Amino acid sequence: MDTLIKHRRFLGQTGLKISPLGLGTVKFGRNEGIKYPQDFKIPKEGDLADLLARARDHGINMLDTAPAYGTSEERLGRLLKGQRQDWVIVGKVGEEFENGESKYIFTPEHFEISLQRSLKDLQTDYIDVLLIHSDGSDESILSNEKLIETIRNFKTRGLVRAIGMSTKTVTGGIKTLDLMDVVMATYSPIAPDEKPVLDHAHKTGKGVLLKKALASGHLDKLGENPLHAAMDFAFAHPATTGVIVGTINPAHLTQNVAAALTALEK
Numbered sequence: 076m077d078t079l080i081k082h083r084r085f086l087g088q089t090g091l092k093i094s095p096l097g098l099g100t101v102k103f104g105r106n107e108g109i110k111y112p113q114d115f116k117i118p119k120e121g122d123l124a125d126l127l128a129r130a131r132d133h134g135i136n137m138l139d140t141a142p143a144y145g146t147s148e149e150r151l152g153r154l155l156k157g158q159r160q161d162w163v164i165v166g167k168v169g170e171e172f173e174n175g176e177s178k179y180i181f182t183p184e185h186f187e188i189s190l191q192r193s194l195k196d197l198q199t200d201y202i203d204v205l206l207i208h209s210d211g212s213d214e215s216i217l218s219n220e221k222l223i224e225t226i227r228n229f230k231t232r233g234l235v236r237a238i239g240m241s242t243k244t245v246t247g248g249i250k251t252l253d254l255m256d257v258v259m260a261t262y263s264p265i266a267p268d269e270k271p272v273l274d275h276a277h278k279t280g281k282g283v284l285l286k287k288a289l290a291s292g293h294l295d296k297l298g299e300n301p302l303h304a305a306m307d308f309a310f311a312h313p314a315t316t317g318v319i320v321g322t323i324n325p326a327h328l329t330q331n332v333a334a335a336l337t338a339l340e341k
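Using the working numbering, the letters of the sequence shown correspond one by one to residues 76 to 341.
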């Protein structure tokens, strides 16, 4: 079986080597307030263990999670016992999901509380990439010097290896790259507006992770051969380091990997 292992690459200047596809885990722990085309049941942990094993077999070594993803972090903590060294974990701070609604807290105190809780839930001493989970007010968040100092200090303390933000604007994405290590941006055939962020990353050698590359599951919006169209588009830009795909369906995971391999080998 052809795998993504030979296509692993460094995430910007972080020293972290990642697979070009990462597995998003929102569906591991939350099925409320989700903008996916179909409802779903949260899988049993045995099924998730099988999914993670399949991901590893395909050469995937990156997982994306967040406190706002329900019980995702806690479940990953149990599922990754004995495997921590095999995975690059992308985590978040800033967004909470309680009683069916998101709320955002951008204070140094909450960032500390959130990170310590994530470390406990994930049963790990460090998170590889910690991203601020933006509510859309990217520039305001990034202009808060105490927040940036706090997240940088997490690196100094060895609690995280790289920092950045999951942004929602072009200006926020560019500023993130100027201040930190990694940006998570939206980029797809139907949402190409953040291309200037990727262009800036290419110039500066910073890391780029893409979200919503598959239009949050609305594949019908991507035309014929949607998986191939999306992967071709994502990896055609030289700044794209990794693409996060969220699925709990083993067959879909395999299809995503096949489409990514085709795009990467063009």
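In this text, a Cβ means the ideal position worked out from N, Cα and C, and glycines have one as well. As the structure is a computational prediction, the values presented were derived from the model and not from experiment.
Problem set entry | From T279, E170 and Y111, residue whose alpha carbon lies closest to that of V320 | Y111
For this session: Given a cut-off of 8 Å, decide if T89 and A237 are closer than it, judged by their beta-carbon atoms.
Result: yes
Problem set entry | Bounding residues of the alpha helix (DSSP H) (the contiguous stretch that carries A290) | Neither: A290 is in no alpha helix (DSSP H) and is coded neither H nor E.
Problem set entry | Nearest neighbour of H208, chosen from E220, T242 and G175 [CA to CA] | T242
Exercise. At a cut of 8 Å, does the stretch 306 to 313 reach the stretch 260 to 273 through at least three beta carbon pairs?
Worked result: yes
Exercise. Just checking, does the stretch 213 to 228 make contact with the stretch 144 to 162 on the three C-beta pairs under 8 Å criterion?
Worked result: no
For this session: Take every Cβ of the stretch 275 to 292, pair it with every Cβ of the stretch 245 to 260, and state whether three or more of those distances are shorter than 8 Å.
Result: yes
Exercise. What separation, rounded to the nearest whole angstrom, lies between the Cα atoms of T146 and R192?
Worked result: 12 Å
Exercise. What are the residues that DSSP puts in a beta bridge with G99?
Worked result: D139 and G321
Exercise. Which of helix, strand or coil does DSSP assign to D210?
Worked result: coil
Exercise. Buried or exposed: I249, going by 16 or more other Cβ atoms within 10 Å of its Cβ?
Worked result: buried
Exercise. Mapping DSSP to helix, strand and coil, what is A266?
Worked result: strand
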